[in-house]
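Residue 12 is where the sequence shown starts when you use our numbering, and the numbers rise one by one after that. First comes the structure, then the notes that go with it.
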Amino acid sequence: MNYKVSWTTIACSDFSQIVQYIKETWGKTSAEDFIKQVDSVINILSIYPQLGKIIHQQKQIRALVISKQISLIYRIKSGTIIILNLFDNRQEPDKLKVNESIGKYEI
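What follows is the structure in structure tokens.
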């Protein structure tokens with residue numbers, strides 16, 4: 012069974028910013044390669060949703076490394092993979108926190 016994939020507004024913004032940064036820094040081809048890499052990872056994730064490592068047990072939030080620099084943060088809910096954000100792995104892991112009161116992801 013393939014799971015549906017849904018992106019939060021934050022995840023869409025993160026993705027756009029990363030693609031723009033790659034395009035400005037390394038060129039259009041590198042940005043297109045990154046987009047293809049993310050698309051490939053999401054296709055695999057839709058088949059194997061438990062692939063990512065659980066980083067928040069209570070909320071079942073998972074992280075999957077998609078490149079040396081970027082991890083995809085997501086959760087599974089009712090047959091849908093919800094992409095919460097893309098996290099820069101070069102940051103301190105403590106910057107990645109779950110807001111318990113509203114159940115949203117924040118940095």
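Ideal Cβ positions, reconstructed from N, Cα and C, are used throughout, including at glycine.
| request: With DSSP collapsed to three states, give me the class of threonine 19. | output: In the sequence shown, counting from the first residue as 1, residue 19 sits at position 8. Correct three-state label for threonine 19: coil.
| message | By DSSP's criteria, aspartate 99 is part of a beta bridge. Which residues make up the other side? | response | The residue labelled residue 99 in the question sits at position 88 within the sequence shown. DSSP lists Ile81 as partners of aspartate 99.
| query | Which runs of the beta strand (DSSP E), 3 residues or longer, sit entirely within the stretch 32-82? | reply | 64-67, 72-76
| message | Applying the 10 Å Cβ sphere with the 16-neighbour rule, what's the burial state of asparagine 96? | response | In the sequence shown, residue 96 corresponds to position 85, counting from 1. It is buried - the Cβ of asparagine 96 has at least 16 other Cβ atoms within 10 Å.
| query | When every heavy atom of the ligand COA is checked, does at least one fall within less than 7 Å of the C-beta of methionine 12? | reply | Among the components modelled here there is no ligand, and therefore nothing to report on the ligand COA.
| task | Leaving aside the five residues before and after serine 78 along the sequence, list all residues of the same chain whose C-beta is less than 8 Å from its C-beta, in chain order. | result | Position 67 of the sequence shown holds residue 78. Phe45, Gln48.
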